[in-house]
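In terms of the UniProt record's numbering, the sequence shown is residues 1 to 609.
Data block below; observations after.
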Amino acid sequence: MTATGTGTGPGPAAGTGIRLTAPAPGWSIEADVVVVGSGVAGLTAALRCAAAGRRTVVVTKAHLDDGSTRWAQGGIAAALGDGDTPEQHLADTLVAGAGLCDETAVRTLVTEGPDAVHRLIGTGARFDTAPGSDEIALTREGGHHRRRIAHAGGDATGAEISRALVEAVRAAGLRTIENALVLDLLTDAEGRTAGVTLHVMGEGQHDGVGAVHAPAVVLATGGMGQVFSATTNPAVSTGDGVALALRAGAEISDLEFVQFHPTVLYLGPEAEGQQPLISEAVRGEGAHLVDADGTRFMVGRHELAELAPRDIVAKAIMGQAHEQGVEHMYLDGRHFGAQMWETRFPTILAACRSHGIDPVTEPIPVAPAAHYASGGVRTDLRGRTTVPGLYACGEVACTGVHGANRLASNSLLEGLVFAERIAADIAAPHSSEAAAGDAPGTPAHDVAEHTAPPAPSAPRTTLPLLAPETRTAVQRIMTAGAGVLRSAESLARAAAELDRLHREATAGAGPARRDEPAGATATGSTAADRKAPEPGVEAWEATNLLCVARVLVAAAQRREETRGCHWREDHPDRDDASWRRHFRITLEADRALTIRTTATAEFPPTVTP
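Structure representation (structure tokens):
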């Protein structure tokens, strides 16, 4: 996938004709709505759609409570406290977003947020309350000038929200398909969404590849943190929703803005996979960032010191570590005392102690790790993408709320607010007409092919699969070349290495090309050793990771400035004149990327009926 365009005009909304290599679906079910994902965004959308009378199916990659929401520690931000207002929440969000937030989207978030939180409480979520009171206890996190973070179980907010929503889904009797990896979008003869294909991993009523036919698909698949070696994201966060949307012809935006959480428990230079998060709420309660000598280094760098926006704190930690020739800094909360650690941060305390560190008596070693994708599948204020009938919400979506850097604890709120908006749009008369009847529109292709009928200029093609072991290679390439610190040199090296992986996958689907260099491949095999990987979950995940990695690197190469969580060492300044704008990225039928640049910081409308 190479970048082929930089125009500012509207991009095509037609499908690419590209699909993952997979067996023919052996079963199918019918619905009005299929929601892919079971975090706060997915389950909220599903519950609201079902309440509106839509036959709703929830598809999730693991168990219902295994998504990213469960791992959220800090809480959910909303103007719930005395003296706080949506306007103040708006101001903090815009500052964190570094000039690229869509102000209308942010205003929607902060004004609808408080009522959405109360509806979540009505669903069964129980937040911590102030001692001797029924009022919700509120704390502060980075970038917030007020205490507006509601939390549960001390530092187990996501787990409580997940529990409440899962119980509500089960009580409502919604149809769920667990242990299912979504593969590709189905469309009808007019290019509208007609469902998805998916692979069920050997449990439940279905097994193997099948299809859910529905005129509305809601992507709530979470993030793509597993594209890096070290992340706070669970193993299921492999960018499947973004990759599916690209193959379906949808626009992707702001993928270069990956937030690295500044305080993740440092487990050594070889640590890979999901790492324990040390919530920003720990700093919100007064913990200090210090070096090995105990010297605080955030004081004087920002008016909020340790509570500066995450990009500023992450850069400060990395800069201080590089200056001192070390790998990490420390978070010192010894002054909290044992009781506060045990009652306010029991999850973090247990995680640290399981790794031989006791925060009660010693500082916690911390370093940044990949945490949250501020960009994703571009949507409007109703969650509609540029593909008719395809919606997105939560971390997989780019609503314009986060801009270049997400404000702490706005993620759960975004999933909640925009999931409700999606359900309202699906339940509106124009949507109910499309969903009327016993079954959605019949896909205009053989279901066994599980892909849309391509336009004449987009011949149907399958995407070569990566060998499962390539996943580690992608992660290491991305960490080295597109991590917290980026440069033209590091990004060019990452792009070349990712391209090499893509060429190897393509060659693995057939004879090696004549122009391919001889010798060992990036994964250590030789051309003679190549064999096309068998379709399966690990190969599909690795292929999706490579897809989103190449898009991220292409966007990061193009953005020659430092803004928010995108830090270019060779372009250290923010450049509003040239770069206060977004990229609109699409995948073409020939697998090339087209990158268009918006004329201003405003997004154009999504192209939907």
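Backbone N, C-alpha and C fix where the C-beta goes; we use that ideal spot for every residue, glycine too.
Note that the structure is predicted; figures quoted are calculated from it, not measured.
Asked: Here's the rule I'm using: 16 or more other beta-carbon atoms within 10 Å means buried, otherwise exposed. How should A220 be labelled?; Found: buried
Asked: Are the stretch 219-236 and the stretch 360-370 touching, with three or more C-beta to C-beta distances below 8 Å?; Found: yes
Asked: Where does A194 land, buried or exposed, given buried means 16+ other C-beta within 10 angstroms?; Found: buried
Asked: Using a Cβ-Cβ cut-off of 6 Å (strictly less than) and excluding sequence neighbours within five positions of L43, which residues of its own chain qualify?; Found: L165, V169
Asked: Round the Cβ separation of G75 and A397 to the nearest angstrom and send it over; I've been treating them as touching at under 8 Å.; Found: Actually they are not in contact, since the Cβ atoms of G75 and A397 sit about 21 Å apart, beyond 8 Å.
Asked: When the Cα of V236 is compared with those of V537, V551, T597, A392, which residue comes out closest?; Found: V537
Asked: How long is the line joining the alpha carbons of L64 and L265, rounded to whole angstroms?; Found: 27 Å
Asked: Could you check the C-alpha separation between R19 and H288 for me, to the nearest Å?; Found: 49 Å
Asked: Would you kindly check if the distance between the Cβ of G400 and the Cβ of A98 is under 8 Å?; Found: no
Asked: What is the DSSP secondary structure of G15, reduced to helix, strand or coil?; Found: coil
Asked: Examine the Cβ distances between the stretch 205-216 and the stretch 89-106 and report whether three or more of them are shorter than 8 Å.; Found: no
Asked: For T85, which option in V59, D115, C101, E602 has the closest C-alpha, if you only look at C-alpha atoms?; Found: D115
Asked: Rank S578, M318, L255, E469 by C-alpha distance to the C-alpha of S374 and give the top, closest one.; Found: L255
Asked: Would DSSP call L412 helix, strand or coil?; Found: helix
Asked: On the DSSP bridge list, what partners appear for G376?; Found: S253
Asked: Identify whether L304 lies in helix, strand or coil by the three-state DSSP scheme.; Found: coil
Asked: Can the beta-carbon of L485 be found less than 8 Å from the beta-carbon of A96?; Found: no
Asked: Do D332 and C565 count as a contact pair if the criterion is CB distance below 8 Å?; Found: no
Asked: Grouping DSSP H, G and I as helix and E and B as strand, with all else coil, what is P604?; Found: coil
Asked: Look at the alpha carbon of W341 and the alpha carbon of V258, and state the distance between them as a whole number of angstroms.; Found: 30 Å
Asked: Would you check if the distance between the CB atom of R119 and the CB atom of E160 is smaller than 8 Å?; Found: no
Asked: Mind checking who S28 pairs with in its DSSP beta bridge?; Found: A211
Asked: Curious, which full-length beta strand (DSSP E) runs of at least 3 residues does the stretch 43-117 contain?; Found: 56-59
Asked: Please report how far the alpha carbon of R148 lies from the alpha carbon of A308, in whole angstroms.; Found: 15 Å
Asked: Should T197 go down as buried or exposed, given a rule of 16 or more other Cβ atoms within 10 Å for buried?; Found: buried
Asked: Taking the DSSP output, what are the residues bridged to T462?; Found: R19
Asked: Excluding the 5 residues flanking A316 on each side, which residues of the same chain have their C-beta closer than 7 Å to its C-beta?; Found: F297, M298, R301
Asked: With 16 as the cutoff for other CB atoms within 10 Å, does T470 come out buried or exposed?; Found: buried
Asked: Considering only the beta carbon of each residue, do Q557 and L501 sit closer than 8 Å?; Found: no
Asked: Would DSSP call I161 helix, strand or coil?; Found: helix
Asked: Measuring straight from C-alpha to C-alpha, what distance separates P572 and R559?; Found: 12 Å
Asked: Can you look up Q339 in the DSSP assignment and give me helix, strand or coil?; Found: helix
Asked: Which partner residues of R486 appear in the DSSP bridge assignment?; Found: R568
Asked: Here's a check: name, in chain order, each residue in its chain whose Cβ is nearer than 6 Å to the Cβ of R175, leaving out the five neighbours to either side.; Found: V57
Asked: From V326, G222, D425, P262, pick the residue whose C-alpha is nearest to that of P269; which is it?; Found: V326
Asked: Tell whether a beta-carbon distance below 8 Å holds between S28 and G223.; Found: no
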